[in-house]
Structures are given as C-alpha cells and as structure tokens.
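Contents: one structure, followed by commentary.
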Amino acid sequence: MRQAGRILAEYRAVRQEAGSFINLVSNPELAAEVTIQPVDILGVDAAIIFSDILVIPEAMGLPYEMVEQKGPNFPETIQTESDLARLRIADPEKDLSYVLNAIKITKSRLQERVPLIGFAGAPFTIFCYMTEGKGSKTFSVAKKILYSDPELAHHLLQMITDSTIRYLKAQVNAGVDLVQLFDSWAGVLSPEHYQAYSLPYLKQICDAITEVPVTVFAKGAFFARKSIGELNCSVVGLDWNMDIAESRQLIPGKTLQGNLDPCVLYASYDEIRKQTRSMLEAFGSHPFIANLGHGVYPDTDPDKVRCFIETVREFRATQP
Ligand code: CP3
C-alpha cells in the first residue's frame with residue numbers, strides 16, 4: 000500500500016538528500032532507490048513505483064506543491080469551463096519521462112525478484128484535487144461542481160481519463176507488471192453519483208489497459224463493489240469497512256486485495272498476528288492478495304509491519 004517507505008529511516012534519509020518530496024519524485028535514480036527499499040528492508044513481495052497520483056494534473060498544466068506536515072496544495076484550480084483552456088492532455092513521454100525512467104531503472108535493479116506495480120489516481124479522485132486544490136474531509140468544493148455544472152465535470156473527467164490512459168500505457172511500455180487505480184475519495188459520492196461520475200471513466204481505463212492486470216481500489220465505495228467487480232479489471236481492492244465474506248459474494252470472479260486496518264499495526268505483536276490470521280481465513284479459498292486496507296501511517300513501527308508480513312508468509316506456507 001501507499002507510503003510503505005515513509006516509515007523507514009532509510010527513506011527519510013534519501014528524502015532529505017533530495018531536499019523535498021517533489022524533488023524525490025522527479026529524480027529517477029532516487030525514486031528507484033526508495034521504491035526498492037521496502038522490498039529489501041521489509042520483505043514485501045511486490046514493489047510499487049515511488050511517485051504520486053498528482054503528477055497527472057501537473058502534466059496537464061496544473062502544478063502542485065507538497066506542504067510539509069500538511070499535504071498537497073494546488074496554487075491554481077479549475078472552477079469554470081474557461082479554466083479548461085489552460086489544460087492539455089498529458090504527453091507522458093514528454094511531461095512524465097522522469098516516472099518512466101524511474102520505472103526502467105527500478106526494473107533493471109529488481110532483476111525480476113518481485114513484480115513492479117505502476118499506478119494512477121482514478122479520474123474522480125484527480126478531479127477532486129484539481130477543483131478543490133487540496134485535501135478535504137468532504138470535498139464539497141469538488142462536489143459543488145457535480146451538482147451545479149455537470150457538463151464541466153464530465154469535460155474535465157474526460158480530459159483526465161484520456162491523460163491517464165496514455166500515462167498507464169507508457170508505464171506498461173516502460174516495464175510495470177500490473178497497474179493499480181486509486182479512487183481514494185470514492186467514499187464521498189452517493190451511489191448515483193458514483194455511477195455517473197466515477198464508474199464510466201474507470202471503465203474506459205480498464206477497457207483500454209489490456210496488456211497487464213489492473214487493480215481498482217475505491218476507498219469507501221462499499222456501495223459500488225458489485226459494479227466495480229463487473230469492470231474489465233483483474234483485482235478489486237477492499238478497505239477495512241468492507242466485510243470480506245460479503246465482498247466475496249458480491250465479486251465472485253475476481254481476485255480481492257486488502258484489507259487490514261492500518262491501525263491494527265499499533266496493536267501488540269500477538270494482536271497483529273491474530274487480526275492478520277482472521278483476515279487471511281476470511282478470504283478462504285477466494286483468490287486474494289494480502290494487504291492493508293489503505294496506506295501505512297507514518298508513525299508505524301517497521302517491526303510491526305514485518306510482523307504482518309511474516310504472519311502472511313507463515314500462513315501461505317501452510318496452504319496446499
Ligand atoms: O508506497 C509508496 O511510496 C508508493 C508511492 C505513492 C505515493 N503516493 C507516495 C507518497 C503512491 C501510490 C501514492 C498515491 C497517492 N497520493 C494517493 C492514493 C492512495 C491513497 O492514499 O489513497 C493519494 C490520495 C495521494 C496524494 C497525496 N500524496 C497526499 C494526500 C499526500 C500527503 C498526505 C500523506 O498521507 O502523507 C501525499 C504525500 C505522499 N505521497 C507521501 C508519499 C511517500 C508522503 C510524503 C512524505 O512524508 O515523504
């Protein structure tokens with residue numbers, strides 16, 4: 000899950016060397032180095048390229064800053080149809096070559112030890128940042144546009160989707176083995192709005208990326224699990240609000256990924272083992288990828304993450 004590296008002292012050292020988060024993201028050598036750290040140090044069995052979902056707005060003409068201790072901020076946002084004139088469809092070979100180079104370096108250094116995951120934000124989540132300009136509990140500025148100017152919303156969502164398809168195809172060409180779409184703010188939408196403003200764009204992306212498996216992770220969208228399961232994707236990510244038994248019934252034909260609450264990693268070692276085993280048992284015979292239900296929090300003890308990983312490995316060793 001996202002930000003596995005930031006709990007590591009080794010990550011913080013490289014980040015300091017880079018000077019800032021954005022410098023680190025845009026330096027392919029250093030990005031490759033921190034991508035591989037969790038594989039070597041924690042023993043996870045896949046790597047996710049070190050980048051951010053916000054590189055897409057930037058490649059479309061809307062740059063972001065990362066404010067220390069606070070998160071992303073966009074000095075300019077999209078509010079009206081006329082603002083769209085400032086945007087372009089991203090050209091990944093030109094505007095995102097640093098990510099593609101980081102992928103190439105990572106692939107060659109990994110030597111096929113573990114697969115490399117590429118990723119992008121889902122169009123609705125990117126729309127949230129491009130209109131709201133920063134994180135929010137409600138994303139009411141973004142949602143205001145859905146209610147007051149649906150045409151603008153669809154126009155912008157389509158531009159993001161076109162950019163994302165190009166970007167993911169370029170990641171595949173650079174060497175990623177699978178891709179994940181993060182719909183981190185899916186949970187702020189009503190079921191009707193999710194059908195209207197998120198699913199059609201996820202569908203376009205899933206239909207376009209045929210070369211590698213696609214994972215769709217829509218945080219908080221428990222109400223859309225059935226529809227997400229019907230997309231042309233291979234894996235559906237679950238967060239810890241989503242009951243595993245219920246999810247297995249709603250999504251019978253697909254691999255499921257998740258879904259331990261990252262806060263479980265604040266518990267004792269015994270409790271972590273217990274909670275992890277109970278998650279693994281709940282997946283039962285259903286194909287699954289053991290993971291957390293969202294990103295690991297920065298103050299998590301790396302030894303607790305190792306305990307989670309070891310519990311999964313031990314369980315796997317006992318399986319036929
Ligand atoms: O595990 C990894 O390091 C993979 C790389 C990765 C990052 N961001 C690096 C990062 C991935 C896959 C992301 C995705 C991302 N970025 C999402 C979707 C996943 C999710 O969490 O729902 C979102 C919403 C973002 C936007 C973003 N980036 C926010 C809101 C923040 C600040 C808040 C926070 O949680 O720290 C970031 C910063 C960010 N992106 C960090 C990392 C390692 C932390 C920066 C640091 O502390 O060095």
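Each residue of the sequence shown is one higher than the one before, starting from 0 at the first, in numbering that gives the first Met the number 0.
Cβ coordinates follow ideal geometry from the N, Cα and C atoms, glycine included.
- If you draw a 10 Å sphere on the C-beta of K106, you find 16 or more other C-beta atoms in it, and that means buried.
- Within the segment 70–150, the runs of alpha helix (DSSP H) that reach at least 4 residues and sit entirely inside it are, in chain order, 91–94, 96–109, 122–131 and 139–147.
- Cβ neighbours of K103 within its own chain (closer than 7 Å, five residues either side excluded): A173 and G174.
- Beta-bridge analysis with DSSP links G257 to A289.
- Measuring C-alpha to C-alpha distances from F118 to each of E131, R112 and L99 identifies L99 as the nearest.
- In the same chain as V66, and ignoring 5 residues on each side of it, the C-beta atoms closer than 6 Å to its own belong to N72, in chain order.
- Around S50, the same chain offers V24 and V98 as residues with beta carbons nearer than 6 Å, after the five sequence neighbours per side are excluded.
- For D260, the CB contacts under 7 Å within the same chain, skipping 5 residues up- and downstream, are W239 and G292 in chain order.
- Closer than 7 Å to some heavy atom of the ligand CP3: that does not describe the Cβ of S197.
- Within a 10 Å sphere around the beta-carbon of K218 sit 16 or more other beta-carbons, which makes this residue buried.
- Relative to the Cα of N258, the nearest Cα in the group P286, R272 and D242 belongs to D242.
- Scanning Y63, I308, Y128 and K303 for the CA closest to the CA of A266 turns up K303.
- The bridge partners DSSP lists for D176 come to none.
- Per the coordinates, the alpha-carbon of V33 lies some 11 Å from the alpha-carbon of A8.
- For I144, same chain residues with a beta-carbon under 7 Å away, outside a window of 5 residues either side, are T130, L151 and A152 in chain order.
- Around the CB of C205, 16 or more other CB atoms lie within 10 Å, so the residue is classed as buried.
- For V38, the enclosing alpha helix (DSSP H) begins and ends at P27 to L41.
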